[in-house]
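All remarks here apply to the structure that follows.
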Amino acid sequence: AAKPPRRRQPKKTNDLPHPNKLPGIFDDVHAADGRQVCRRHELYVSFQDLGWLDWVIAPQGYSAYYCEGECAFPLDSCMNATNHAILQSLVHLMKPEAVPKACCAPTKLSATSVLYYDSNNNVILKKHRNMVVKSCGCH
Amino acid sequence: GTGPRRRFHAAGFLQRRLSGGERREVQREILAVLGLPGRPRPRTPAASRAPAAAAPLFMLELYRAVAGEEEEEEEVSRPVLTGFSTQSPQPGSAVSRADTVVSLVNMVEQDRDIFSPRPYWKEFRFDLTQVPAGESVTAAEFRIYKARGVTRHPNNTLHVSIYEIAAEHSNRESDLFLLDVQDLRAGTEGWLVFDVTAASNHWLVDRKYNLGLRLYVETDDGHSIDPGSAGLLGRRGPRSKQPFMVTFFRASPSPARVSR
Chain C
33 AAKPPRRRQP
43 KKTNDLPHPN
53 KLPGIFDDVH
63 AADGRQVCRR
73 HELYVSFQDL
83 GWLDWVIAPQ
93 GYSAYYCEGE
103 CAFPLDSCMN
113 ATNHAILQSL
123 VHLMKPEAVP
133 KACCAPTKLS
143 ATSVLYYDSN
153 NNVILKKHRN
163 MVVKSCGCH
Chain F
52 GTGPRRRFHA
62 AGFLQRRLSG
72 GERREVQREI
82 LAVLGLPGRP
92 RPRTPAASRA
102 PAAAAPLFML
112 ELYRAVAGEE
122 EEEEEVSRPV
132 LTGFSTQSPQ
142 PGSAVSRADT
152 VVSLVNMVEQ
162 DRDIFSPRPY
172 WKEFRFDLTQ
182 VPAGESVTAA
192 EFRIYKARGV
202 TRHPNNTLHV
212 SIYEIAAEHS
222 NRESDLFLLD
232 VQDLRAGTEG
242 WLVFDVTAAS
252 NHWLVDRKYN
262 LGLRLYVETD
272 DGHSIDPGSA
282 GLLGRRGPRS
292 KQPFMVTFFR
302 ASPSPARVSR
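Protein chains in written order, with the working numbering: chain C, 33 to 171; chain F, 52 to 311.
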């Protein structure tokens, strides 16, 4: 006869995210020691707040992102790290005054477009190829 | 006069309120990213531009198509369930390749109409002085709306040709350079698009070559027709159907950035 199944312990909900968890999807991703790992943050630049809607036709604002967070050794919490960043972080541990930590920076950028009037009432559509941060990583 | 004020944001970031000078500096930086020397000051305020003229309406459509294309690029890893959007520019099309698209308002229009000796024509002129620096023209289009006109024979064929005015003379006809021709039924209604890339390239080489475009309409048997009578709308037409020019630019492949 099969043994009755053992009751599983209810999963703790207040655990800190595992340091190996991929950043960039969840808010407030922290490594085990509480520091924030390198990840993408949301940034919205409102053309309305800048008072530019008299000449910018579209979009109303620029929906972009920025990269912020720590690149501390080991970099396993940030999967999007270059090999050099891993070595630099290691050397930083040994010589913190001489070598800085690796930088949290964009690894992939995409295009965005702006439609606006010039001073002659001509309409200009400008495409900016490497403008919107798609992903961040340690460099 | 006490320097920039600082305050702590709820998230713990140190926020600094910008002084007037710093704010202007930040705005100048953003304008530099857009490739603008300063903040544009459109001659007419935004409110009086409504109802929208033909060029802004066309450019807004183009913007929506390009923005849709950018979103599709972002979703490249996801399976496409809804099919390809018909509004998106075709891959390899002029708009898809362009870094900058400029619509130019017709500055001057001259007619040789039914009150003048034949052949009849319509002339248009565009100001290309504010083109983006360091970019080359990949394509240019002249767009003009064809209404039904006053023709009694809507099935007759009309030949609409567009010329670049190469030189003007006081004692004889101007020198013309044929750019594009379209054959259409007299009863046709809608936008006609002519390729004027060669002319825009000449105009960008030297401003003195910018003498405008001239449009002729002829019947099958070579009779000149007044473009206005044929239904081709000019500056006196409704705002949403006035002629304009669209120029497509591509940035130089050089990765060099302008120092600021």
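Backbone N, C-alpha and C fix where the C-beta goes; we use that ideal spot for every residue, glycine too.
Whose Cβ in chain C lies nearer than 9 Å to the Cβ of residue i?
i, result
"Val156/F", "Asn152, Asn153, Asn154 and Val155"
"Gln78/F", "Leu82 and Trp84"
"Leu69/F", "What Leu69/F touches in chain C: nothing, since even the nearest Cβ is about 12 Å away."
"Asp178/F", "Asn152 and Asn154"
"Thr151/F", "Ile156, Leu157, Lys158 and Lys159"
Rounded to the nearest angstrom, what separates residue i and residue j at their Cα positions?
i, j, result
"Asp60/C", "Gly185/F", "Note that Asp60/C has pLDDT 46, beneath the 50 cutoff, so the model's placement of it is unreliable and no number is given."
"Val39/F", "Met163/C", "The question about residue 39/F has no answer, for chain F in this structure spans 52 to 311."
"Tyr149/C", "Glu240/F", "29 Å"
"Arg301/F", "Leu108/F", "22 Å"
"Pro55/C", "Arg67/C", "Any reading at Pro55/C must be qualified, since the residue scores a pLDDT of 36, below 50, and its modelled position is unreliable; no value is offered."
"Ser78/C", "Leu107/C", "34 Å"
"Val165/C", "Glu76/F", "23 Å"
"Lys53/C", "His116/C", "Note that Lys53/C scores 35 on pLDDT, short of 50, meaning its location in the model is unreliable; the coordinates nonetheless yield the value given after this. Going by the C-alpha atoms only, they are around 21 Å apart."
"Asp277/F", "His210/F", "12 Å"
"Ser145/C", "Ile156/C", "10 Å"
"His204/F", "Met158/F", "33 Å"
"Val156/F", "His253/F", "18 Å"
"Cys103/C", "Ser95/C", "25 Å"
"Asn152/C", "Leu119/C", "54 Å"
"Arg90/F", "Ala113/C", "39 Å"
"Tyr267/F", "Gln233/F", "11 Å"
"Ser144/F", "Pro132/C", "46 Å"
"Ser167/F", "Ala105/F", "29 Å"
"Gly170/C", "Leu82/F", "Note that residue 170/C corresponds to Cys in the displayed sequence, not to Gly. Between Cys170/C and Leu82/F, the C-alpha separation is close to 29 Å."
"Asn154/C", "Glu73/F", "30 Å"
"His124/C", "Phe105/C", "9 Å"
"Leu85/F", "Ala103/F", "24 Å"
"Gly273/F", "Arg169/F", "12 Å"
"Ser212/F", "Leu85/C", "39 Å"
"Val297/F", "Arg258/F", "18 Å"
"Leu132/F", "Gln293/F", "Unreliable placement is indicated for Leu132/F, whose pLDDT of 32 sits below 50; the coordinate value is still reported in the next sentence. One C-alpha to the other measures close to 39 Å."
"Ala149/F", "Arg161/C", "11 Å"
"Ser275/F", "Arg223/F", "19 Å"
"Glu269/F", "Ala198/F", "16 Å"
"Arg79/F", "Met126/C", "42 Å"
"Pro128/C", "Met110/F", "54 Å"
"Ser142/C", "Tyr97/C", "11 Å"
"Gly71/F", "Val69/C", "34 Å"
"Asp81/C", "Glu122/F", "25 Å"
"Tyr76/C", "Ser291/F", "33 Å"
Can you tell me which of the options puts its alpha carbon nearest to the alpha carbon of residue i?
i, options, result
"Cys136/C", "Tyr94/C, Ala90/C, Cys99/C and Leu125/C", "Cys99/C"
"Ala237/F", "Thr248/F, Thr202/F and Leu266/F", "Thr202/F"
"Lys158/C", "Ser225/F, Thr151/F and Glu192/F", "Thr151/F"
"Ala90/C", "Tyr114/F, Arg74/F and Ala106/F", "Tyr114/F"
"Gly83/C", "Val153/F, Met110/F and Arg92/F", "Arg92/F"
"Ser121/C", "Ala134/C, Ala113/C, Thr114/C and Asp81/C", "Ala134/C"
"Ala249/F", "Tyr214/F, Gln233/F, His274/F and Arg223/F", "Tyr214/F"
"Ser251/F", "Asn222/F, Phe177/F, His274/F and Ala106/F", "Phe177/F"
"Leu87/F", "Val88/C, Asp81/C and Glu129/C", "Val88/C"
"Ala256/F", "Lys292/F, Gly273/F and Thr180/F", "Checking the sequence shown, residue 256/F turns out to be Val, not Ala. Out of Lys292/F, Gly273/F and Thr180/F, Thr180/F has the C-alpha closest to the C-alpha of Val256/F."
"Leu147/C", "Gln161/F, Arg199/F and Glu112/F", "Glu112/F"
"Pro138/C", "Ser167/C, Leu75/C and Pro128/C", "Ser167/C"
"Gly200/F", "Arg258/F, Val297/F, Leu235/F and Glu122/F", "Leu235/F"
In chain F, which residues lie less than 7 Å from residue i when you measure between Cβ atoms?
i, result
"Thr144/C", "Glu121"
"Ala90/C", "Leu111 and Tyr114"
"Tyr149/C", "Pro91 and Pro93"
Check the C-beta distance from residue i over to residue j and give it rounded, since I have them as a contact under 8 Å.
i, j, result
"Ile195/F", "Leu243/F", "5 Å"
"Asn207/F", "Asp271/F", "7 Å"
"Glu120/F", "Ser154/F", "Not confirmed; about 19 Å, so no contact."
"Phe295/F", "Ala190/F", "About 15 Å separates the two Cβ atoms, so there is no contact after all."
"Phe245/F", "Asp226/F", "About 19 Å; that fails the 8 Å criterion."
"Val247/F", "Glu192/F", "7 Å"
"Asp162/F", "Gly279/F", "7 Å"
"Gly93/C", "Arg71/C", "Not confirmed; about 22 Å, so no contact."
Applying a beta-carbon distance threshold of less than 8 Å, which residues of chain F neighbour residue i?
i, result
"Lys133/C", "In chain order: nothing, as chain F lies at least about 19 Å away."
Can you pull the chain C neighbours of residue i, defined as C-beta to C-beta under 8 Å?
i, result
"Val117/F", "Ser145, Leu157 and Lys159"
List, in chain order, every chain C residue whose beta-carbon is nearer than 7 Å to that of residue i.
i, result
"Thr270/F", "Here the premise fails: no neighbours, minimum Cβ distance about 35 Å."
"Leu255/F", "Ordered by position in chain C, no residue passes the 7 Å Cβ test against Leu255/F, which lies about 15 Å from the chain."
"Leu85/F", "Val146 and Lys158"
"Glu106/F", "As written in the sequence, residue 106/F is Ala, which differs from the Glu given in the question. Residues of chain C passing the Cβ test: Val155."
At a threshold of 6 Å, does residue i count as lining the ligand SAM (C-beta to nearest heavy atom)?
i, result
"Thr239/F", "Ligands in the displayed structure: none, and consequently the ligand SAM is not present."
**OP:** Assess, as a yes-or-no matter, whether the segment 249–269 of chain F is touched by the segment 207–223 of chain F under the definition of 3 or more beta carbon pairs within less than 8 Å.
**Re:** yes
Subject >> Touching by the beta-carbon criterion (3+ pairs, under 8 Å), the segment 271–289 of chain F and the segment 167–181 of chain F >> reply: yes
**OP:** Compile a chain-ordered list of the residues in the segment 223–237 of chain F whose CB is closer than 9 Å to at least one CB of chain B.
**Re:** Looking at the structure shown, chain B is missing, and the protein chains on hand are C and F.
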